[in-house]
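So the structure is just underneath, and the comments pick up after that.
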Amino acid sequence: MLDPKEKKGPNIAETKQAILKHIVQKTGKPVLGTSVPKGSPWVWAMETYEATPKQDPKLLYGWVGEHLVVADKRYLASKQVEERRKGLGLVCEACNCAAHRLKDTKLAVQICETYVLPNIDAADERHWKYLGKQNILEVAVGAYAEAKDADNMAEMLKLCIENAHNRNTADGARLRLARVLERQEKYEEALKYLKEIDPNEGVGGGRLLIPDIEKKLKAKK
């Protein structure tokens, strides 16, 4: 199974420079990394993105750059996990903005693989927390989904299953993973995950897909 830290790649420093260069090209301004208050910075970042209209992409790109630089310099380099978690929250919001508001899927994936996944060990162990590991993995799922990167989306959903705090959450990820695998025509693997779903729980109805995928598998052979 994929270890999220392996998503760093061989030249993480170069990727960070490329990200900031891309943002400067989009905004025409340098990224200073001075615009984020202390406390719970990811909450402020979330509210900032929501308050910024999509019609102003330069401002959105500017915020993404600010948040990445502040996270990198102020939080992620800390030895204290609580501080690193603040940085993780910031880069997650930046990734979400790039993926879902700016629709810059290349940037979103770069942020995910350069800032988010390498720091997932700082996620909160309490599953109900906003910065819990399951929610961080969902940020990655969202980035890869927007980029139509089915392979990496599938890997993240497998990690969601592994890290699920209960059966129903795991089954929800199994159903989503099966649909991804079906689109890839990986019918045998899709059936494996569908058959693991508890028929008596919330997403048990997903097992109704089994006959249709079995037909597709038979036709493929």
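For the sequence shown, this note's numbering assigns the number 68 to the initial residue and increments by one for each residue that follows.
Note that beta-carbon positions come from the ideal geometry of N, C-alpha and C, so glycine has one too.
None of these values were measured; they are calculated from a predicted model.
Query: Under the three-state reduction of DSSP, which class applies to aspartate 265: helix, strand or coil?; Result: coil
Query: Leaving out five residues before and five after leucine 69 in sequence, what residues of the same chain have Cβ atoms less than 6 Å from its Cβ?; Result: Interpretation of leucine 69 is limited by its pLDDT of 44, a score under 50 that renders its predicted location unreliable; no figure is taken from the coordinates.
Query: Return the bridge partner residues of aspartate 238 from the DSSP annotation.; Result: Beta-bridge pairing links aspartate 238 to no other residue.
Query: Check whether the stretch 129-148 touches the stretch 193-209, counting contact only when three or more Cβ pairs, one atom from each stretch, lie closer than 8 Å.; Result: no
Query: Counting only runs that start and end within the stretch 79-119, where is the alpha helix (DSSP H) found for 4 or more residues in a row?; Result: 79-94, 108-118
Query: Do tyrosine 260 and arginine 234 have their C-beta atoms closer together than 8 Å?; Result: no
Query: Could you name the residues of the same chain whose beta carbon sits closer than 7 Å to that of aspartate 171, not counting the 5 residues immediately before and after it, in chain order?; Result: Ala165
Query: Please identify the residue among Leu224, Trp109, Glu229 whose C-alpha is closest to the C-alpha of lysine 153.; Result: Trp109
Query: Which residues mark the beginning and the end of the alpha helix (DSSP H) in which glycine 209 is found?; Result: 200-213
Query: Restricting to Cα atoms, I'd like to know which of Met113, Lys83, Val136 is closest to leucine 99.; Result: Val136
Query: For the candidate residues Leu226, Ile277, Trp130, whose alpha-carbon lies nearest to that of tryptophan 111?; Result: Trp130
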